[in-house]
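Residue numbers (the numbering used here): 1 to 204.
Idealized CB from N, CA, C, for every residue including glycine.
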Ligand SMILES: [Zn+2]
């Protein structure tokens, strides 16, 4: 009888421990799959920094990402949300400096009947032009890194539109309406800083 009681208590203890463990680690949402394609060659370092910056910006949501080349998209689809990002133009850092007056949006997401679709395009020539414009002197020695971080911020802006299916813009961070060349190369950037202060998106 005593042994039985002990076993029951031990089992109850294990159960409580299991419940405690479950409470400590709630199930994470599955990663968002980013299907991507590049029109030009892109350095491995640029890609690494691009992915790192996107993960870093979305860490507070929390959200993380799996990257798959568009041509490797499985016919069966993927678990969880997926977005498609096509990089147009020249994303290589070895090419000649871009034309300085390249203007227009860095990227855009498709919108149909007012609804944001999970398809975005990034204009690499414009992002490269902005990075060249904003960097000075020795900073240009790390062009692959800066270009990757800049592309990560531009992609984060579009992923925000696509994942949350919103055309809304934040009052600050990389979700605000337009980013300057300086925003793309700045040492620090956040997705949407006003969320941390408990304010509604837009600051109202
Ligand atoms: Zn936008």
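(message) When you compare the region 62–76 with the region 118–126, are there three or more beta-carbon pairs, one atom per stretch, that lie closer than 8 Å?
(response) no
(message) Taking DSSP's pairing of strands, which residues face residue 33 in a bridge?
(response) 66 and 82
(request) Return the residue from the list 38, 117 and 34 that minimises the CA-CA distance to residue 167. (result) 117
(message) Whole angstroms are fine: how far does the CA of residue 154 sit from the CA of residue 106?
(response) 7 Å
(request) On a CA-only basis, which of 189, 187 and 85 is nearest residue 38? Give me that one, please. (result) 85
(message) Could you check whether the Cβ of residue 192 sits closer than 7 Å to any heavy atom belonging to ligand 1?
(response) no
(request) List the whole-angstrom C-beta distance separating residue 81 from residue 122, where the pair is believed to meet the contact cut-off of C-beta under 8 Å. (result) Residue 81 to residue 122, Cβ: 19 Å. No contact.
(request) Mark residue 103 as exposed unless 16 or more other C-beta atoms lie within 10 angstroms of its C-beta, in which case mark it buried. (result) exposed
(request) In the DSSP assignment, find the beta strand (DSSP E) that holds residue 121 and state where it starts and stops. (result) 115–123
(message) Can you tell me which residues fall inside 6 Å of ligand 1, judged by beta-carbon distance to its nearest heavy atom, and keep chain order?
(response) 157, 161 and 169
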